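Everything below concerns the one structure shown next.
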Amino acid sequence: MIPAQFDYVAPESLDDVLAALRDGGEDAKIIAGGHSLLPLMKLRLAAPSLLVDLRRVPGLSGIQRENGSVRIGAMTHHHDVATGGLGLASTAASTIADQQVRNRGTIGGSLAHGDPAADMPAVLLASEGTVTVRGQSGQREVAAADLFHDFLTTAIGDDEILTEVRLPLLQGYGFGYQKFNRRREDWTMVGACALVKKAADGSCEDVRVGLTHMGSTPLRATAVEQALRGKPLDAASIAAAAEQAAEGTDPPADLNASEEYKRHLARVLTRRALEDASS
Ligand SMILES: Cc1cc2nc3c(=O)[nH]c(=O)nc-3n(C[C@H](O)[C@H](O)[C@H](O)COP(=O)(O)OP(=O)(O)OC[C@H]3O[C@@H](n4cnc5c(N)ncnc54)[C@H](O)[C@@H]3O)c2cc1C
Numbered sequence: 022m023i024p025a026q027f028d029y030v031a032p033e034s035l036d037d038v039l040a041a042l043r044d045g046g047e048d049a050k051i052i053a054g055g056h057s058l059l060p061l062m063k064l065r066l067a068a069p070s071l072l073v074d075l076r077r078v079p080g081l082s083g084i085q086r087e088n089g090s091v092r093i094g095a096m097t098h099h100h101d102v103a104t105g106g107l108g109l110a111s112t113a114a115s116t117i118a119d120q121q122v123r124n125r126g127t128i129g130g131s132l133a134h135g136d137p138a139a140d141m142p143a144v145l146l147a148s149e150g151t152v153t154v155r156g157q158s159g160q161r162e163v164a165a166a167d168l169f170h171d172f173l174t175t176a177i178g179d180d181e182i183l184t185e186v187r188l189p190l191l192q193g194y195g196f197g198y199q200k201f202n203r204r205r206e207d208w209t210m211v212g213a214c215a216l217v218k219k220a221a222d223g224s225c226e227d228v229r230v231g232l233t234h235m236g237s238t239p240l241r242a243t244a245v246e247q248a249l250r251g252k253p254l255d256a257a258s259i260a261a262a263a264e265q266a267a268e269g270t271d272p273p274a275d276l277n278a279s280e281e282y283k284r285h286l287a288r289v290l291t292r293r294a295l296e297d298a299s300s
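Residue numbers (the working numbering): 22 to 300.
Encoded structure:
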């Protein structure tokens with residue numbers, strides 16, 4: 022439970038963070054809230070030679086609404102997202118672990134870590150949000166669909182920083198968030214988030230469904246979306262669409278649940294999330 026030895030710096034600007042990452046090479050790692058990285062270091066599953074702390078860099082925290090979207094600084098804590106009145110994102114953030122974790126963990130850290138069991142990645146995916154990534158050669162926007170490559174692997178390079186998350190405000194969409202775990206503060210066994218826009222005649226104009234812990238990355242349940250789009254938003258259509266929730270998934274079996282049980286959970290939770298989003 023004692024990490025390997027490491028050096029530590031806490032630069033006061035993004036340029037100095039980038040310089041520290043460059044000088045530290047591939048064994049240098051950013052630390053934000055430390056609530057995913059430190060447990061890995063204590064288990065010796067990660068042994069960075071240099072930790073580059075973001076906490077002194079100005080401008081990386083806070084939530085701002087502008088031009089139909091909301092910008093969330095990478096160092097914004099889960100607690101602030103949970104209490105920020107951001108619909109689906111706030112509801113999902115409020116279910117992360119317990120208050121202590123929500124006070125320290127950050128949205129940027131959660132997305133950069135790329136854990137398929139984490140709550141916020143599927144929310145970013147279903148919302149069709151983007152992240153801003155800064156490196157030595159400048160800044161780029163990465164769409165949620167291009168961010169998550171594999172288990173704990175994202176499009177963010179070792180020498181890059183995720184600086185900001187951008188979520189469209191999605192006016193007119195209802196939302197639902199459902200996750201299953203054994204205890205309130207446990208990691209998600211399976212989670213489903215849904216965003217639904219009703220047409221004037223009450224049918225489904227648009228629907229997005231994100232799944233947590235149903236593969237090595239967060240997933241969009243595209244078969245569910247295709248099955249529901251244009252259909253009436255009644256119990257029968259929602260139930261029929263939700264039956265497709267496990268299509269194209271590859272859930273990892275673990276001590277809590279077999280693959281088949283997770284597929285069952287995905288169908289049930291997707292139906293409930295769609296019902297909430299349509300009500
Ligand atoms: C007991 C416990 C229970 C938890 N339960 C849940 C849960 O139910 N749901 C959930 O979603 N999460 C859960 N978490 C994880 C928690 O949400 C973490 O806070 C989050 O995953 C990582 O955020 P962090 O700020 O702590 O990142 P850190 O641990 O500091 O960093 C994580 C990784 O991301 C990289 N990184 C961090 N910030 C940046 C950045 N801005 N740019 C580039 N790379 C960056 C780091 O180098 C590291 O590789 C739990 C954690 C604990 C300890």
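Cβ coordinates follow ideal geometry from the N, Cα and C atoms, glycine included. Because the structure is a prediction, the values reported are computed rather than measured.
Unbroken beta strand (DSSP E) run spanning residue i, endpoints
i	result
E280	Premise fails: E280 lies in the alpha helix (DSSP H), E280 to S299, not in any beta strand (DSSP E).
P60	Not the beta strand (DSSP E): P60 falls in the alpha helix (DSSP H), residues L58 to K63.
P189	I182 to P189
E87	I84 to E87
D28	D28 to V30
Q192	Unbroken run through Q192: none, as it is neither H nor E.
D74	L71 to D74
Of the listed residues the options, nearest to residue i (C-alpha basis)
i	options	result
L145	T112, D44 and S57	T112
D222	P253, Y198, Q265 and K283	P253
L286	D275, A267 and D271	A267
N88	S299, A260, G197 and R187	R187
M366	Q157, V289 and Q199	Residue 366 cannot be examined here, being either before or after the span of the chain that is shown, 22 to 300.
V230	F172, E185 and D297	D297
S131	K218, E185, L190 and P273	E185
V154	S258, A133, T243 and N124	A133
L65	A25, V38 and R284	One point to set straight first is that residue 65 is Arg, not Leu, in the sequence displayed. Measuring from the Cα of R65, the nearest candidate turns out to be A25.
A257	T238, D275, S279 and S224	S224
G150	R43, L168 and S34	L168
M235	F172, G106, I259 and A40	F172
P273	R284, A263, Q265 and E264	R284
G159	N124, L35 and L240	L35
A139	V152, V38, H99 and Q121	H99
Q120	D101, P137 and V78	D101
F201	T116, R123 and G54	T116
R92	R77, V78 and A110	A110
A242	G55, A143 and L39	A143
G94	S279, T127, K63 and D227	T127
Span of the alpha helix (DSSP H) around residue i
i	result
Q121	Q120 to R125
R155	Unbroken run through R155 is the beta strand (DSSP E), T151 to G156; no alpha helix (DSSP H).
A132	The sequence shown places Leu at residue 132, not Ala. Residues I128 to H134.
D222	Unbroken run through D222: none, as it is neither H nor E.
V144	M141 to S148
D207	Where D207 is concerned, there is no enclosing alpha helix (DSSP H), given that its DSSP letter is neither H nor E.
E246	T243 to L249
G45	L35 to G45
L168	A165 to L168
I259	A256 to A263
V91	Per DSSP, V91 belongs to no alpha helix (DSSP H); it is in the beta strand (DSSP E), S90 to G94.
Rounded Cβ spacing between residue i and residue j (contact assumed at less than 8 Å)
i	j	result
G129	L183	5 Å
T97	G83	6 Å
L191	S148	7 Å
R77	E33	5 Å
V245	Q265	5 Å
H170	T238	7 Å
V217	S299	5 Å
Checklist entry - Is there contact between the segment 290-298 and the segment 208-218, where contact requires at least three CB pairs shorter than 8 Å? => result Touching, yes, given that three or more Cβ pairs across the two stretches are closer than 8 Å.
Checklist entry - Pick out every residue whose C-beta is nearer than 5 Å to a heavy atom of ligand 1: which are they, in chain order? => result The set of residues whose C-beta lies within less than 5 Å of a heavy atom of ligand 1 reads, in chain order, K50, I51, I52, A53, G54, G55, H56, S57, L58, A95, I117, A118, V122, G126, T127, G129, G130, S131, A133, H134, A139, D140, I182, L183 and W208.
Next on the checklist: Taking contact to mean 3 or more Cβ pairs, one atom from each stretch, closer than 8 Å, check whether the segment 72-85 and the segment 24-31 are in contact.
Outcome noted: Judged by Cβ distances under 8 Å, the segment 72-85 makes contact with the segment 24-31, as three or more pairs qualify.
Checklist entry - Is the number of C-beta pairs between the segment 195-205 and the segment 156-167 that are closer than 8 Å three or more? => result No, the segment 195-205 is not in contact with the segment 156-167.
Checklist entry - Using 8 Å as the threshold, is the segment 247-264 in touch with the segment 167-179, meaning 3 or more CB pairs across them? => result At 8 Å Cβ cutoff, the stretches do not touch.
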